[in-house]
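Peer 1: This is the structure, below, for whatever I ask next.
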Amino acid sequence: MSQDMYAGASETTEGRVFTVSGQDWDSIVDGLGEEADERVVVNMGPQHPSTHGVLRLILELEGETVTEARCGIGYLHTGIEKNMEFRSWTQGVTFCTRMDYLSPFYNEMTYVLGVERLLDIEDDVPEKAQVMRVLLMELNRISSHLVCIATGGMEIGALTVMTVGFRERELVLDLFELITGLRMNHAFIRPGGVAQDLPPGALDEIRGFIALMRKRLKEYADLCNANPIFKARLEGVGHLDLAGCLALGLSGPVLRSTGYPWDLRKTQPYSGYETYDFDVQTWDTADSYGRFRVRLNEMWESLRIVEQAADRLARLDGAPVMVADKKIAWPSQLAIGSDGMGNSLDHIRHIMGESMEALIHHFKLVTEGFRVPPGQAYVPIESPRGELGAHVVSDGGTRPFRAHFRDPSFTNLQATSVMSEGGMVADVIVAIASIDPVMGGVDR
Amino acid sequence: MTERDHTDRTPENVPAPAGEVHQVGVRHGMFGTHGTGDTSGYGGLVQAIAFPGDAQRPYGGWYDEVADALESALVESRAGDAAVEIAVPRVVIHRGEITFHVRREDLVAVAQVLRDDERLRFEFCSGVSGVHYPEDTGRELHAVYHLLSMTHNRRIRLEVTAPDADPHIPSIVSVYPTNDWHERETFDMFGIVFDGHPALTRILMPDDWPGHPQRKDYPLGGIPVEYKGATVPPPDQRRSYN
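Going line by line, the protein sequences match chains A and B. Here the first sequence stands for residues 24 to 467, numbered as in our numbering. Here the second sequence stands for residues 888 to 1129, numbered as in our numbering.
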């Protein structure tokens, strides 16, 4: 038994407790002695051997077979919903973008759609803003699915899948950086539109990315689709049929892997998704392999949407990206100066030297914000992980009275027990990877 | 947008009779200043915080279909059991979203009917969200459920209230198993006790955490930060606009 200064072996009412950290498994066998055939409860985590975040799994084992599996969550709880109640409606975007850090644009989008519905300006958001939102969301879907596939591959030892996945994701993040200025935590989608217009040259970069991805995505199919080791680890693992998905509230690729083509972009479209040409991807095996194939195919569909959005943006050069209502639209325009990005000098000159009213307007809107009529709204969207929705409540003030996020990772993670009980320990990892939970979204 | 002529009282310009407006509190003053320091005169303002009122029949669209089906299905489900009377839910329609306000004792029966009746078929529950209205006396705690019918492609909202003094709401995990974690989260954050939940424990906060953080009487926390000689108070103690 290795010496652990924090926790050594000890007797509790539940039995003997061991602390192992690898390379010392024999100590358990020696320590158990004649009790070795009894059940063992294993705490896996809270450091999950992957990049999904901090997840603790409590597994009851008989040999290598999992008889009970439970999740312990909350390690990444940061009180984002509570914090949003103390900031203005626009500042709320800055908080919620940090929840599910692999799909920040979706967090922003569902919150902003709720605010816009309460403001009753859904139809006033300019077309260019809507197209830019769609473009960013679909790029984000690609980067999120890439991480899911990459880390899923890493967890089963397929390191090449990981390296190529992160290689392509980097290209998407470069596009995000070009368009929004940041690789993550963008706070780019704001109530009424988006923060700023496309930078010069962005469309060329996007077109180059699409052309490159058309080549690179094939590599995933060649590497994995018929790979016997890959299939042996994924096929039949983490099975959950349609009835199970609906009872447990699962949505997204897990639901579509049962063959049910439910995709909010098609069934309850928002941001003009009904005008884009794409197909809902399904599979019929309801297992981890099916979910992998659904994600892979969805990236192709996202590329199609990105291409259409880029074509539309080429026609919308110079169009507004924020509502015309000056009582809601952010007053200042950003520009790149000698010391980096900041308020445009033209705007500063206008409010500081020309118009006292413009200065008052800027000050009021930036410090106080706008008021949102009392009521509540829930406008869910199809995030890479399923139905993501924000329950937004206003009491007529300048700050959200309550913002609650129904995060798909949180709901989908409930399926851990059903998917892994009765299977092998090694399959628990595959089953959870196929759910693709992001703990930042689970714990918020 | 053209300004409406308020002197014109021809029938099409008279607003529909609004139902009872739900006042959940009052807002005092402006600019967040209280006591001394307010020379604007706005400090004396008192405004009611009024949520959208009840909708009147006909609701229009598919709302009537759902409301009719719900009412008749509730009556059928309780046929022969005269001792139990289920109140017809109050309905609020705002910004194209329909909300059924249900008494808490009816919640499980209503959820069961909504899920199983073939005219309703709300087979997907998006979980429960708590809201705390400290000034809504007698119904401070609200539990809000969003239901989705994939069969009919419709979305509705259920709202249930409980007083702070008796924070009990029946659990609907037996109808929608997905609400297991959602109800645990709402209990954790608001202290709403979901009776009948299989294992109602904290889920996000540590097991021994005191209090329920999302309640309005729970402080945000934080410490003052010094920056270049000045001190910035924590967000919940700064001057704020209300």
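We treat Cβ as the ideally placed atom computed from N, Cα and C, and that holds for glycine.
Q910 of chain B by DSSP, collapsed to three states: which one?
Peer 2: Reduced to three states, the DSSP call for Q910 of chain B is strand.
Peer 1: Which residues in chain A sit within 9 angstroms of D1082 of chain B, going by Cβ to Cβ distance?
Peer 2: Simply none; closest approach about 21 angstroms.
Peer 1: Report the three-state DSSP secondary structure of Y299 of chain A (helix, strand or coil).
Peer 2: If DSSP states are grouped into helix, strand and coil, Y299 of chain A belongs with coil.
Peer 1: Going by the DSSP bridge assignment, what does M364 of chain A pair with across the sheet?
Peer 2: DSSP, once it has assigned bridges, lists A:I359 as partnering M364 of chain A.
Peer 1: Please say whether W306 of chain A and S313 of chain A have beta carbons closer to each other than 8 angstroms?
Peer 2: Before going on, a small fix: residue 313 of chain A reads as Gly here, not Ser. Contact flag set, yes.
Peer 1: Kindly identify the DSSP beta-bridge partner or partners of G412 of chain A.
Peer 2: A:R429.
Peer 1: Between which two residues does the alpha helix (DSSP H) containing A337 of chain A stretch?
Peer 2: Per DSSP, A337 of chain A belongs to the alpha helix (DSSP H) from 311 to 338.
Peer 1: Is there a Cβ of chain A sitting closer than 8 angstroms to that of T1118 of chain B, yes or no?
Peer 2: By this cut-off, T1118 of chain B is not an interface position.
Peer 1: Which residues in the same chain have their Cβ closer than 6 angstroms to the Cβ of R990 of chain B, if we skip the five residues on either side of it in sequence?
Peer 2: Counting only Cβ-Cβ distances below 6 angstroms, and skipping sequence neighbours, we find A974.
Peer 1: Does F232 of chain A come out as helix, strand or coil in the three-state DSSP assignment?
Peer 2: Helix.
Peer 1: Could you give the distance in angstroms between the alpha-carbon of G176 of chain A and the alpha-carbon of F189 of chain A?
Peer 2: Roughly 11 angstroms separates the two Cα atoms.
Peer 1: If you drop the 5 nearest sequence neighbours on each side, which residues of the same chain put their C-beta closer than 7 angstroms to that of D302 of chain A?
Peer 2: Cβ neighbours of D302 of chain A beyond the five flanking positions: E324.
Peer 1: Can the beta-carbon of L961 of chain B be found less than 8 angstroms from the beta-carbon of V1000 of chain B?
Peer 2: Yes, the Cβ-Cβ distance between L961 of chain B and V1000 of chain B is below 8 angstroms.
Peer 1: Given a cut-off of 8 angstroms on the beta-carbon distance, is the pair D1104 of chain B and P1021 of chain B in contact?
Peer 2: Yes, Cβ-Cβ distance for D1104 of chain B and P1021 of chain B is below 8 angstroms.
Peer 1: Does the beta carbon of V461 of chain A sit closer than 8 angstroms to a beta carbon anywhere in chain B?
Peer 2: So, not an interface residue.
Peer 1: For G115 of chain A and A426 of chain A, which I take to be in contact (beta-carbon distance under 8 angstroms), what is that distance rounded to the nearest angstrom?
Peer 2: Confirmed, about 6 angstroms.
Peer 1: Consider the Cβ of H427 of chain A: report whether some Cβ of chain B lies at a distance smaller than 8 angstroms.
Peer 2: By this cut-off, H427 of chain A is an interface position.
Peer 1: Could you tell me whether the Cβ of L205 of chain A comes closer than 8 angstroms to any Cβ of chain C?
Peer 2: Note that chain C does not occur in the displayed structure, where the protein chains are A and B.
Peer 1: Decide if Q219 of chain A is buried, meaning its Cβ has at least 16 other Cβ atoms within 10 Å, or exposed.
Peer 2: With 16 or more other Cβ atoms within 10 Å, it is buried.
Peer 1: Quick one: does P223 of chain A have its CB under 8 angstroms from some CB of chain B?
Peer 2: Judged by the 8 angstroms Cβ criterion, P223 of chain A is not in contact with chain B.
Peer 1: I'd like to know whether the C-beta atoms of I980 of chain B and Y929 of chain B end up nearer to each other than 8 angstroms.
Peer 2: Contact flag unset, no.
Peer 1: List the residues of chain B whose Cβ lies closer than 9 angstroms to the Cβ of N106 of chain A, in chain order.
Peer 2: L1107, P1122, listed in chain order.
Peer 1: Just reading off the alpha helix (DSSP H) that P1050 of chain B is part of, what are its end residues?
Peer 2: P1050 of chain B -> no alpha helix (DSSP H), and no H or E assigned at all.
Peer 1: Could you tell me the distance, in whole angstroms, from the CA atom of L382 of chain A to the CA atom of W353 of chain A?
Peer 2: If you take the alpha carbons of L382 of chain A and W353 of chain A, they lie about 13 angstroms apart.
Peer 1: Does the Cβ of D895 of chain B have 16 or more other Cβ atoms within 10 Å, making it buried, or fewer, making it exposed?
Peer 2: Interpretation of D895 of chain B is limited by its pLDDT of 49, a score under 50 that renders its predicted location unreliable; the figure taken from the coordinates is listed afterwards. D895 of chain B is exposed by the Cβ-count criterion.
Peer 1: If you draw a straight line from the C-alpha of H100 of chain A to the C-alpha of R372 of chain A, how long is it?
Peer 2: If I take the Cα positions, the gap works out to 43 angstroms.
Peer 1: Going by beta-carbon coordinates alone, are S432 of chain A and R408 of chain A separated by less than 8 angstroms?
Peer 2: Cβ distance < 8 angstroms, so S432 of chain A and R408 of chain A count as in contact.
Peer 1: In terms of DSSP beta bridges, what is T987 of chain B paired with?
Peer 2: The amino acid occupying residue 987 of chain B in the given sequence is Phe; Thr does not appear at that position. DSSP lists B:V978, B:L1045 as partners of F987 of chain B.
Peer 1: Could you give the DSSP three-state label for T1118 of chain B: helix, strand or coil?
Peer 2: Strand.
Peer 1: Do you know offhand how far A905 of chain B's Cα is from H1029 of chain B's?
Peer 2: Note that A905 of chain B scores a pLDDT of 49, beneath 50, so its modelled location is shaky; the value from the coordinates is reported in the next line. Each residue's alpha carbon lies about 23 angstroms from the other.
Peer 1: Pick out whichever of B:E1113, B:D1023, B:R1002 has its Cα sitting closest to the Cα of Y1032 of chain B.
Peer 2: When only C-alpha atoms are compared, the closest one is B:R1002.
Peer 1: Could you pull the DSSP bridge partners for G398 of chain A from this structure?
Peer 2: BP columns for G398 of chain A point to A:S417.
Peer 1: Given that a residue counts as buried once 16 or more other Cβ atoms are within 10 Å of its Cβ, and exposed if not, what is Y1114 of chain B?
Peer 2: Answer is exposed; the Cβ neighbour count stays below 16.
Peer 1: Measuring straight from C-alpha to C-alpha, what distance separates A337 of chain A and F1077 of chain B?
Peer 2: Taking the straight line joining both Cα atoms gives about 49 angstroms.
Peer 1: Cβ atoms of F128 of chain A and M107 of chain A: under 8 angstroms apart, would you say?
Peer 2: No.
Peer 1: At least one CB of chain A closer than 8 angstroms to the CB of Q943 of chain B: is that the case?
Peer 2: So, not an interface residue.
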